[in-house]
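Engineer:
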Amino acid sequence: MSGVSTPTTTDKVPTRAWLPTMLTLAAIWGCSFLFISVGVRELPPLYLALGRVMAGAIVLLVFLAIKREALPRDRRLWAHSFVVGAVGSAIPWTLFGYGEERIPSLLAGIWNGITPLVVLPIAVLIFRTELFSLQRGLGLVIGFVGMLVVLGAWNVSGGADLTGQLLCMLAAVCYGIAVPYQKRFLAGSSVSGTALSATLLLCAMVQLAIVAPLITRQAPPAPWSLSIEVLGSVLALGALGSGIAFVLSMRNIRLIGASRSSMVTYLMPVFSILVGVIVLREHITWYQPVGGLVVLLGVAISQGVFTVKRKPVVVTPEPVAQP
Numbered sequence: 001m002s003g004v005s006t007p008t009t010t011d012k013v014p015t016r017a018w019l020p021t022m023l024t025l026a027a028i029w030g031c032s033f034l035f036i037s038v039g040v041r042e043l044p045p046l047y048l049a050l051g052r053v054m055a056g057a058i059v060l061l062v063f064l065a066i067k068r069e070a071l072p073r074d075r076r077l078w079a080h081s082f083v084v085g086a087v088g089s090a091i092p093w094t095l096f097g098y099g100e101e102r103i104p105s106l107l108a109g110i111w112n113g114i115t116p117l118v119v120l121p122i123a124v125l126i127f128r129t130e131l132f133s134l135q136r137g138l139g140l141v142i143g144f145v146g147m148l149v150v151l152g153a154w155n156v157s158g159g160a161d162l163t164g165q166l167l168c169m170l171a172a173v174c175y176g177i178a179v180p181y182q183k184r185f186l187a188g189s190s191v192s193g194t195a196l197s198a199t200l201l202l203c204a205m206v207q208l209a210i211v212a213p214l215i216t217r218q219a220p221p222a223p224w225s226l227s228i229e230v231l232g233s234v235l236a237l238g239a240l241g242s243g244i245a246f247v248l249s250m251r252n253i254r255l256i257g258a259s260r261s262s263m264v265t266y267l268m269p270v271f272s273i274l275v276g277v278i279v280l281r282e283h284i285t286w287y288q289p290v291g292g293l294v295v296l297l298g299v300a301i302s303q304g305v306f307t308v309k310r311k312p313v314v315v316t317p318e319p320v321a322q323p
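The sequence shown begins at 1 in the UniProt record's numbering and counts up one residue at a time.
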């Protein structure tokens with residue numbers, strides 16, 4: 001893999017090949033914030049994240065067994081998977097857990113919407129898997145203004161709400177780093193999406209199994225001591241949000257690239273807000289959804305959904321050697 005995507009690569013992929021997958025991912029991941037909010041009622045965030053990756057890994061290993069497919073043996077691939085497992089799974093899932101101890105789940109879902117704003121500059125400047133234009137720069141500026149609105153920058157007084165929002169923002173930044181990294185070093189592999197996803201989750205599971213007891217200073221609670229709601233949330237987060245969704249996400253990254261595949265965040269806040277209001281009876285301040293809309297507008301402009309009628313200034317990345 002060259003590590004460089006061209007403007008025509010993703011345009012050749014028909015919409016019907018990736019749009020249904022994106023809608024499914026938006027529903028699964030949008031509802032994940034509800035499950036996290038329920039899970040942290042009885043589980044420390046680190047153990048909730050550990051349970052999630054364990055459940056997801058088991059589901060994917062069963063899939064591999066049914067398909068009679070083995071895990072990859074390439075040490076370099078495992079090394080890159082270890083990085084993505086940490087930055088794309090273990091760390092952000094833990095941060096969202098700690099964040100949702102302080103803020104509503106629907107607000108956490110809104111903060112997840114900044115992911116494409118982080119993906120683009122990192123993909124362009126560091127991993128060189130995307131191209132840049134003035135229109136995309138405009139989208140980034142608008143998205144940044146939206147982030148300040150969501151945060152309520154004119155009325156910041158600290159406390160649990162601010163801490164929770166910053167934790168969720170940092171989790172979204174981790175996603176923004178993991179997506180182009182995954183595109184650069186993993187998406188071009190001949191290994192199937194199921195095997196790659198299982199590898200990522202196994203790496204994250206090892207990381208959390210070591211770190212969780214050290215930080216929480218307590219053993220994991222026995223499964224039978226948890227309520228049905230919490231157990232169901234852990235299984236849903238693992239089997240759906242971490243297992244099946246990982247395979248679908250890898251498929252879209254391979255089809256349409258890291259930046260465009262991150263457009264799933266357009267719809268995720270819609271699902272997170274709906275389930276937060278309907279199921280958990282949550283409430284938020286007026287400027288938070290308004291800021292979320294501004295963020296999504298910036299994302300849409302940066303992704304070319306609204307085309308600016310002028311010739312873009314394109315910075316073509318230098319060729320990158322194969323990893």
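The C-beta atom is built at its ideal place from N, Cα and C for all residues, glycine as well.
Quick one: is L214 buried, meaning 16 or more other Cβ sit within 10 Å of its Cβ, or exposed?
Structural biologist: Burial call: exposed.
Engineer: Around the Cβ of R75, are there at least 16 other Cβ atoms within 10 angstroms (buried) or fewer (exposed)?
Structural biologist: That one is exposed.
Engineer: Please determine if the segment 12-31 and the segment 62-78 are in contact, where contact requires at least 3 C-beta pairs separated by less than 8 Å.
Structural biologist: Taking 8 Å as the limit for Cβ pairs, the verdict is that the segment 62-78 does not touch the segment 12-31.
Engineer: Where in the segment 85-125 do unbroken runs of the alpha helix (DSSP H), each at least 4 residues long, occur, reported from the N-terminal end onward?
Structural biologist: Fully enclosed alpha helix (DSSP H) runs of 4 or longer: 91-100, 105-111, 115-125.
Engineer: Apply the 10 Å Cβ neighbour rule to E130 and answer buried if 16 or more other Cβ atoms are within range, or exposed otherwise.
Structural biologist: E130 is buried by the Cβ-count criterion.
Engineer: So K67 is in the alpha helix (DSSP H); what residue range does that whole segment cover?
Structural biologist: Start and end: 45-67.
Engineer: Under a three-way DSSP split, which group does L71 fall into?
Structural biologist: Of the three classes helix, strand and coil, the one that applies to L71 here is coil, per DSSP.
Engineer: Return the chain-ordered list of same chain residues with a C-beta closer than 7 Å to the C-beta of S37, the five sequence neighbours on each side being excluded.
Structural biologist: If we look at S37 and ignore the five residues flanking it on each side, its Cβ neighbours are E100, S105, L280.
Engineer: From I91 to G56, what distance separates their C-alpha atoms?
Structural biologist: Cα to Cα, I91 sits roughly 16 Å from G56.
Engineer: Which residue comes first and which comes last in the alpha helix (DSSP H) that contains Q18?
Structural biologist: Rather than Gln, the amino acid found at residue 18 in this sequence is Trp. Where W18 is concerned, the enclosing alpha helix (DSSP H) stretches over 15-39.
Engineer: Between S225 and the rest of its own chain, which residues show a CB-CB distance below 6 Å, the 5 nearest in sequence each way excluded?
Structural biologist: Cβ within range, chain order: n/a, list empty.
Engineer: Assign I126 to buried or exposed, taking buried as 16 or more other Cβ atoms, counted over all protein chains shown, within 10 Å of its Cβ.
Structural biologist: Exposed, by the Cβ-count rule.
Engineer: Report the rounded CA-to-CA distance for P72 versus T199, giving the unit in angstroms.
Structural biologist: Near 8 Å, if we compare the C-alpha coordinates of T199 and P72.
Engineer: Rank F33, T15, L77 by C-alpha distance to the C-alpha of S272 and give the top, closest one.
Structural biologist: Nearest option by C-alpha distance: F33.
Engineer: Does the count of Cβ pairs from the segment 76-87 and the segment 201-210 closer than 8 Å reach three?
Structural biologist: Yes, the segment 76-87 touches the segment 201-210.
Engineer: Looking only at C-alpha atoms, which of L166, L170, L208 sits nearest to A86?
Structural biologist: For A86, the nearest C-alpha among the options comes from L208.
Engineer: Could you check where the alpha helix (DSSP H) with E229 kicks off and where it finishes?
Structural biologist: Residues 228-236.
Engineer: So, at 6 Å on beta carbons, what are the nonlocal neighbours of P323 in its own chain, with the 5 sequence-adjacent residues on each side left out?
Structural biologist: Per-residue confidence for P323 stands at a pLDDT of 44, beneath the threshold of 50, marking its modelled position as unreliable; no derived number is given.
Engineer: Alpha carbon to alpha carbon, what distance is there between Y287 and W78?
Structural biologist: When rounded, the distance between both Cα atoms is 43 Å.
Engineer: Suppose you measure from the CA of I253 to the CA of A187; what does that come to, to the nearest Å?
Structural biologist: Approximately 7 Å, taken between the alpha carbons.
Engineer: Might you give, ordered along the chain, the residues of its own chain that have their beta carbon closer than 6 Å to the beta carbon of G137, omitting 5 neighbours on each side?
Structural biologist: None.
Engineer: Mind pulling the alpha helix (DSSP H) runs of 4 or more residues that sit fully within the UniProt domain "EamA" (163-301)?
Structural biologist: The qualifying runs are 193-216, 228-236, 245-256, 258-261, 268-278.
Engineer: Compare the Cα-Cα distances from G51 to each of G146, S192, P121, A219 and report the closest residue.
Structural biologist: The shortest C-alpha separation from G51 is found at A219.
Engineer: In whole angstroms, give me the CA-to-CA distance for P223 and P45.
Structural biologist: Going from the Cα of P223 to the Cα of P45 covers about 15 Å.
Engineer: Could you give the distance in angstroms between the alpha-carbon of I28 and the alpha-carbon of G109?
Structural biologist: Their Cα atoms are separated by approximately 12 Å.
Engineer: Just to confirm, are C168 and L60 a CB contact at a threshold of 8 Å?
Structural biologist: Against a cut-off of 8 Å, the Cβ pair of L60 and C168 comes out as no contact.
Engineer: Could you work out which residue in L107, G298, Q135 is closest to G152 when comparing CA atoms only?
Structural biologist: Nearest option by C-alpha distance: L107.
Engineer: Going by beta-carbon coordinates alone, are P116 and Q303 separated by less than 8 Å?
Structural biologist: Yes; because the gap between Cβ atoms is below 8 Å, this pair is in contact.
Engineer: Checking 8 Å against the spacing of the C-beta atoms, do S190 and M250 come in under that value?
Structural biologist: No. Outside cutoff.
Engineer: Rounded to the nearest angstrom, what separates P289 and V150 at their Cα positions?
Structural biologist: Taking the straight line joining both Cα atoms gives about 7 Å.
Engineer: For W93, I'd like the list of residues in its chain whose CB is within less than 7 Å of its CB, leaving aside the five on either flank, ordered along the chain.
Structural biologist: Closer than 7 Å at Cβ, skipping near neighbours: A49, R52.
Engineer: Per DSSP, what kind of secondary structure is F82 in: helix, strand or coil?
Structural biologist: Helix, per DSSP.
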